[in-house]
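All residue numbers for the sequence shown refer to the UniProt record's numbering, where the first residue is 1 and numbers rise by one. Contents: one structure, followed by commentary.
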Amino acid sequence: MWFFILIGAVFLVLGWGAYAGWNRRWLSRPLIYAGHLGPAMVPMGVGLVLMGLSTPVADLFAAGGPTTASGIAWSVGFFGGLALVVAGHLMGTSGMPARWRPRWVRALEGLAPRPRGPAPVPGDLAPSWSTVATGTDLTPGPTGYAPPLEPIPQRSVQAVVNAAWGGARSRQKDPAQLQLLQRLNLLDGRLHPTPAGSLMAARLYWESAATLVIEATPPGRRSVVVTIVDHEIAVLEFRQDWGRPAEPGAGLGGFDVVPFRSEEHLGELLRPWVTAV
């Protein structure tokens, strides 16, 4: 009885932390929990508490021995709580209905801040230095396009993606690099992703995102991971010499957001950069 109540209270605290946004580690989605494990701890916690309280509440109706009322009270508390635990487990493994998700999770997934509200326009979330924000004309060709940012370390690129679950500092410990990501408006003061930073991680969290990789044939030293969002924009993640830590200057990358026209246009646009080294 008290075991259920104690574990349920722990789950409620962790679930509340997930809603508040300070407990984000569950977004790394370990093992079978590919859904919304953090917020799902709230119904699981409520269910465990109800299961723990089922016997004490039933005893209130059974002062002289078991009665119909005590049986109903125990059944409602125990089996109702069990149903909430099962529902929470399913939300943790398969996903939580969008209208129940925390606001910060909805922002990370490109959904409207409030249920039934207008969803953000992906292009409006792009950082001010990106191609789609500056309105730069995209002309395929040997010198028609270049990434807008100077190359940054691979760890910094990964820090932006890992920031979604609070792991920015675990990937990039250099304070100067973290400050650079803040100046680029990809991380906020708590090292959580800004709306632009969330867009950079769209390949992991946006349901409307489709991902492809543009690389040389045979694979060379450069490649671009392209995330097409809503068939409106393409988020570009540049990779150069990744997996070559022994080489000087290895492990560089960067970002850009460009208007999406077609996959063929992206290939023509990015192939000169991919094959330049």
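In this text, a Cβ means the ideal position worked out from N, Cα and C, and glycines have one as well.
Using CA atoms only, rank isn't needed, just tell me which of the options is closest to residue i.
{"i": "residue 187", "options": "149, 176 and 168", "result": "168"}
{"i": "residue 43", "options": "16, 262 and 24", "result": "16"}
{"i": "residue 230", "options": "271, 71 and 259", "result": "259"}
{"i": "residue 132", "options": "234, 213 and 272", "result": "234"}
{"i": "residue 94", "options": "127, 129, 40 and 51", "result": "40"}
{"i": "residue 250", "options": "113, 142, 155 and 88", "result": "155"}
{"i": "residue 79", "options": "214, 88, 51 and 55", "result": "51"}
{"i": "residue 89", "options": "32, 134 and 264", "result": "32"}
What residues are listed by DSSP as bridge partners for residue i?
{"i": "residue 322", "result": "Since the displayed the chain opens at 1 and closes at 277, residue 322 lies outside it and no answer follows."}
{"i": "residue 256", "result": "236"}
{"i": "residue 152", "result": "253"}
{"i": "residue 223", "result": "215 and 239"}
{"i": "residue 193", "result": "187"}
Residue i and residue j look like a contact to me (Cβ under 8 Å); what is the Cβ gap, rounded to whole Å?
{"i": "residue 189", "j": "residue 160", "result": "So it is not a contact: roughly 15 Å between Cβ atoms."}
{"i": "residue 252", "j": "residue 153", "result": "7 Å"}
{"i": "residue 206", "j": "residue 110", "result": "4 Å"}
{"i": "residue 102", "j": "residue 18", "result": "7 Å"}
{"i": "residue 277", "j": "residue 220", "result": "7 Å"}
{"i": "residue 149", "j": "residue 195", "result": "So it is not a contact: roughly 18 Å between Cβ atoms."}
{"i": "residue 165", "j": "residue 27", "result": "4 Å"}
{"i": "residue 242", "j": "residue 184", "result": "The pair is not a contact, with the Cβ atoms about 20 Å apart (cut-off 8 Å)."}
{"i": "residue 257", "j": "residue 212", "result": "With a Cβ gap of about 16 Å, residue 257 and residue 212 do not count as contacting."}
From residue i to residue j, what does the alpha carbon distance come to, in whole angstroms?
{"i": "residue 163", "j": "residue 75", "result": "44 Å"}
{"i": "residue 147", "j": "residue 107", "result": "26 Å"}
{"i": "residue 139", "j": "residue 269", "result": "7 Å"}
{"i": "residue 67", "j": "residue 57", "result": "13 Å"}
{"i": "residue 224", "j": "residue 2", "result": "54 Å"}
{"i": "residue 136", "j": "residue 266", "result": "15 Å"}
{"i": "residue 274", "j": "residue 177", "result": "25 Å"}
{"i": "residue 23", "j": "residue 191", "result": "13 Å"}
{"i": "residue 69", "j": "residue 61", "result": "6 Å"}
{"i": "residue 72", "j": "residue 53", "result": "13 Å"}
{"i": "residue 151", "j": "residue 254", "result": "6 Å"}
{"i": "residue 226", "j": "residue 262", "result": "12 Å"}
{"i": "residue 127", "j": "residue 232", "result": "16 Å"}
{"i": "residue 142", "j": "residue 272", "result": "5 Å"}
{"i": "residue 172", "j": "residue 179", "result": "11 Å"}
{"i": "residue 170", "j": "residue 193", "result": "14 Å"}
{"i": "residue 134", "j": "residue 86", "result": "49 Å"}
{"i": "residue 174", "j": "residue 118", "result": "38 Å"}
{"i": "residue 113", "j": "residue 14", "result": "22 Å"}
{"i": "residue 77", "j": "residue 264", "result": "59 Å"}
For residue i, which residues of its own chain have a beta-carbon under 7 Å away from its beta-carbon, when the five flanking residues on both sides are left out?
{"i": "residue 99", "result": "115"}
{"i": "residue 104", "result": "21"}
{"i": "residue 96", "result": "35, 36, 39 and 40"}
{"i": "residue 202", "result": "110, 209, 227, 229 and 235"}
{"i": "residue 181", "result": "156, 159, 160 and 187"}
{"i": "residue 215", "result": "223 and 274"}
{"i": "residue 92", "result": "33, 35, 36, 37 and 40"}
{"i": "residue 25", "result": "165 and 166"}
Give me, in chain order, the residues of the same chain whose beta-carbon lies closer than 8 Å to that of residue i; leave out the 5 immediate sequence neighbours on both sides.
{"i": "residue 49", "result": "4, 5, 8, 9, 12 and 81"}
{"i": "residue 208", "result": "110, 229 and 230"}
{"i": "residue 217", "result": "none"}
{"i": "residue 144", "result": "138, 269 and 272"}
{"i": "residue 204", "result": "161 and 164"}
Sorted by chain position, which residues of the same chain lie with C-beta nearer than 6 Å to residue i's C-beta, five sequence neighbours on each side aside?
{"i": "residue 120", "result": "none"}
{"i": "residue 46", "result": "84"}
{"i": "residue 228", "result": "210, 234 and 260"}
{"i": "residue 239", "result": "223 and 253"}
{"i": "residue 55", "result": "1"}
Counting contacts by CB-CB distance shorter than 8 Å, is residue i in contact with chain D?
{"i": "residue 57", "result": "Checking the listed chains, one finds no chain D in this structure; it contains a single protein chain."}
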